[in-house]
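Trainee:
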Amino acid sequence: MEISMITVSDSALRVYACQPSIQHFVKRIKQITGARNAVIQNLIQAFGEGAVLERLRTTDVFSLQQLGFTEKQAQRLIAAVDLGQRVTNAYSLRRQDKVQLADDAATILRPLIGFAPVEHFVLVSLNIKHEVLGVDTIAVGSMKECLIDPRVLLRTLIGYGATACFVGHNHPSGSLEASPEDIALTRSLMKVTELVDIALLDHIIVTQESFTSLRESTQGIWT
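Just so it is clear: in the sequence shown, position 215 is 625 by the numbering used here, and no numbers are missing.
(1) For residue 530, which residues from the same chain have a beta carbon less than 8 Å from its beta carbon, with the 5 sequence-adjacent residues on both sides left out?
(2) Span of the beta strand (DSSP E) holding residue 611?
(3) Report the start-end ranges of each beta strand (DSSP E) in the stretch 560-598 that is 3 residues or longer and not cut off at the edges.
(4) For residue 566 and residue 535, which I take to be in contact (beta-carbon distance under 8 Å), what is that distance rounded to the nearest angstrom?
(5) Can you give me the Cβ contacts of residue 570 inside the same chain, cut-off strictly under 6 Å, excluding the 5 residues immediately before and after it?
(6) From the DSSP output, in three-state form, read off residue 539 for me.
(7) So, with DSSP's three-state summary, where would you put residue 557?
(8) Spell out a yes or no on whether the stretch 477-487 and the stretch 584-593 are touching, meaning 3 or more CB-CB pairs, one atom from each, closer than 8 Å.
(9) Tell me whether residue 628 counts as near the ligand ZN, meaning its Cβ is closer than 7 Å to at least one heavy atom of that ligand.
(10) Tell me the rounded alpha-carbon separation between residue 378 and residue 525.
(11) Looking at the structure shown, is residue 435 part of a helix, part of a strand, or coil, going by DSSP?
(12) Taking the alpha carbon of residue 454 as the point to measure from, which residue in 519, 433 and 610 has its own alpha carbon closest?
(13) Within the same chain, show all residues whose beta-carbon is closer than 7 Å to that of residue 481, passing over the 5 residues directly before and after it, in chain order.
(14) Which residues in the same chain as residue 510 place their Cβ atom closer than 7 Å to its Cβ, once the five residues preceding and following it in sequence are excluded?
(15) Starting from the Cα of residue 611, find the closest Cα among 560, 491 and 514 and give me that residue.
(16) On the three-state DSSP scale, how would you describe residue 533?
(17) Around the C-beta of residue 595, are 16 or more other C-beta atoms found within 10 angstroms, so that it is buried, or is it exposed?
(18) Out of curiosity, what's the CA-to-CA distance linking residue 561 and residue 603?
(19) To the nearest angstrom, how far is it from the Cα of residue 532 to the Cα of residue 516?
(20) If you drop the 5 nearest sequence neighbours on each side, which residues of the same chain put their C-beta closer than 8 Å to that of residue 490?
The following block contains the structure:
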């Protein structure tokens, strides 16, 4: 598994277990946007039938326009996905509103991304009391890799006024072993968050069955 950070130069609960049929999905997008079926099929083909909802969380208006959506249609679709993300976050936060340990972070992350067939990188933003301010998908990748833009992560943290955070991603393979890329990314993100006085408390790897904490399992990152 490779998970890496894009240089600066450059979640629905168990969404796949409850994702509606593709026909229903097409119908809903058409109701929201008014787009033609052919345009929606372009979206499904470009993003992958099993990952459309997740990829929509990190796409933009321009990318959707390239698939045939008008600007207004793209804006409506992105707004609908954002609303769904906020509802999902609110549901998650009602169940777990304080994160002190890796176990707490995993309680939030595993239902969100543990069952996903492609990699998701998620940020859990915390205030000074370690109360959860937000749970946000920062990037969606493939089965083997996920590219992280530090600007998105920092923008999200600063937007919440966060003082600490956990990050986490899933391994669709089921492996809990941190790759060299996972470790390198963690070191890089620690340097980035330190620049704005935000503590990166841990990096959690989750699967359907379990999780691992890089802080607990990997020496030399946190000293």
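Where a beta carbon is used, it is the ideal one built from N, C-alpha and C, also for glycine.
Mentor: So, from the listed chains and residues:
(1) 421, 464, 522, 523, 547, 549, 550, 551, 556, 579 and 580
(2) For residue 611, the enclosing beta strand (DSSP E) stretches over residues 609-616.
(3) Secondary structure in the stretch 560-598: the beta strand (DSSP E) runs of 3 residues or longer, each lying completely within the stretch, are 574-580 in chain order.
(4) 7 Å
(5) 535, 543 and 544
(6) coil
(7) strand
(8) no
(9) You won't find the ligand ZN in this model; it holds no ligand whatsoever.
(10) Residue 378 falls outside the range modelled here, since the chain spans only 411 to 633, and no answer is possible.
(11) helix
(12) 433
(13) Correct list, in chain order: 471 and 475.
(14) Contacts found: 540.
(15) 514
(16) Note: residue 533 maps to strand in three-state DSSP.
(17) buried
(18) 10 Å
(19) Their backbone Cα atoms lie some 11 Å apart in a straight line.
(20) 442
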